[in-house]
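Trainee:
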Amino acid sequence: MSQSPIVEPMHPQPAHAEAKKSNTGCLLLGLGGGCLVVVLICGGLIGAGIFGVFAMIKSSEPYTESLAKAQMNVELQSAIGDPIEPSVLVQGNINLNNDDGKADLNYSVSGPDGSATVHVVGTKTDGSWDYTRMDATTADGTTIDLLAD
């Protein structure tokens, strides 16, 4: 019996075998994208909270009343110009408990000729605000009493 010769395959194997592709890049991209989504959601929630606090303070009676007095004050108008516009940021705090509370706020206002800082301090008793301080201090240090009007 004769043996048949060994036949080489028609498609020879390449000298170097192709390396398996790694999934590390996809994994890193997925983790990075997931982390980015979490950061954006947290940032959005924090931003919404800060916006809500500013909106609450800006709708409070101490803020709206002091801004109205600042905008109508002739001495302040002559110092910084007219119209007088408030800044976006408000510093300070308001504590309310039913019909009682306290407020201590600072915010900037500006006009065409300059700017000033409004400071208002008040106490709310039985639903009515009483202000111990409401003034505007211009950039040159002049203090204008807004309660005198």
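Add 424 to the 1-based position in the sequence shown for our numbering, that's all there is to it.
Ideal Cβ positions, reconstructed from N, Cα and C, are used throughout, including at glycine.
Keep in mind that this is a model prediction, so the values were computed, not measured.
1. Can you pull the DSSP bridge partners for Asp554?
2. Would you mind giving the Cβ-Cβ distance between Ile508 and Ala527, rounded to the nearest angstrom? I have them listed as a contact below 8 Å.
3. Using the Cα positions of Asp524 and Asp554, report the straight-line distance between them to the nearest angstrom.
4. Near Ser539, which residues of its chain fall below 7 Å by C-beta distance, leaving aside the five closest residues on each side in sequence?
5. Pro536 lies in the beta strand (DSSP E); which residues open and close that run?
6. Do Val514 and Asn497 have their C-beta atoms closer together than 9 Å?
7. What separation, rounded to the nearest whole angstrom, lies between the Cα atoms of Gly546 and Leu464?
8. In the DSSP assignment, find the unbroken alpha helix (DSSP H) run with Thr488 in it and report its ends.
9. May I ask you to report which of helix, strand or coil DSSP gives Ala560?
10. Where does Met480 land, buried or exposed, given buried means 16+ other C-beta within 10 angstroms?
11. Roughly how many whole angstroms lie between the Cα atoms of Lys548 and Asp559?
12. Does Pro507 come within less than 9 Å of chain C when only Cβ atoms are used?
13. Considering only C-alpha positions, which residue in the set Asp506, Ile518, Asp569 and Glu499 is nearest to Ser483?
14. Kindly indicate which residue of Thr566, Val542, Gly565 and Thr561 has the alpha-carbon position closest to the one of Ala492.
Mentor: In short:
1. Thr547
2. Going by Cβ atoms, the distance from Ile508 to Ala527 rounds to 20 Å, so no, they are not a contact pair.
3. C-alpha separation (whole angstroms): 11 Å.
4. Ile504, Ser532, Val533 and Ala563
5. Careful: Pro536 lies outside any beta strand (DSSP E) and carries neither H nor E.
6. no
7. Gly546 and Leu464: Cα-Cα distance of roughly 38 Å.
8. It spans Glu485 to Met496 - the alpha helix (DSSP H) in which Thr488 sits, taken as one unbroken run.
9. strand
10. exposed
11. Inter-residue distance for Lys548 and Asp559 is about 18 Å (C-alpha atoms, whole angstroms).
12. Protein chains in the displayed structure number just one, and chain C is not present.
13. Ile518
14. Of the candidates Thr566, Val542, Gly565 and Thr561, the one whose C-alpha sits nearest the C-alpha of Ala492 is Val542.
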